[in-house]
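Asks: My questions all concern the structure below.
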Amino acid sequence: MAAHQLFARRLDTMNGKGAAYASIALSISATMMVALLTTRLSAKLGEISYELERDMQEFRDMEKATE
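If you want my numbering, it's the position in the sequence shown, counting the first as 1, plus 414.
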């Protein structure tokens, strides 16, 4: 029996309580994924900010050296 047939059979036998638990599990999983992606994005933005700050300081130092 194919996987999609097993899944369809499982959905047919799932009661309201099971559907509620599945919905809660999916919501928790989605929330965790959003939190992880947000954390990763925040870290990347921090790295970019640090690099920009460093580059600006190097530029200022080069300007002072040419004066």
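Backbone N, C-alpha and C fix where the C-beta goes; we use that ideal spot for every residue, glycine too.
1) Return the chain-ordered list of same chain residues with a C-beta closer than 6 Å to the C-beta of glycine 432, the five sequence neighbours on each side being excluded.
2) Expressed to the nearest angstrom, what Euclidean distance is found between the alpha-carbon atoms of leucine 450 and threonine 480?
3) Using only the alpha-carbon positions, how far apart do methionine 446 and isoleucine 462 sit?
Replies: Quick answer:
1) Taking the first residue of the sequence shown as position 1, residue 432 is located at position 18. Nothing meets the Cβ criterion.
2) Taking the sequence shown and counting its residues from 1, one reaches residue 450 at position 36. Taking the sequence shown and counting its residues from 1, one reaches residue 480 at position 66. Between the alpha carbons of leucine 450 and threonine 480 lies a distance of about 45 Å.
3) Here residue 446 refers to the residue found at position 32 when the sequence shown is read from its first residue. Here residue 462 refers to the residue found at position 48 when the sequence shown is read from its first residue. Separation of methionine 446 and isoleucine 462 (C-alpha to C-alpha, rounded to the nearest whole angstrom) is 24 Å.
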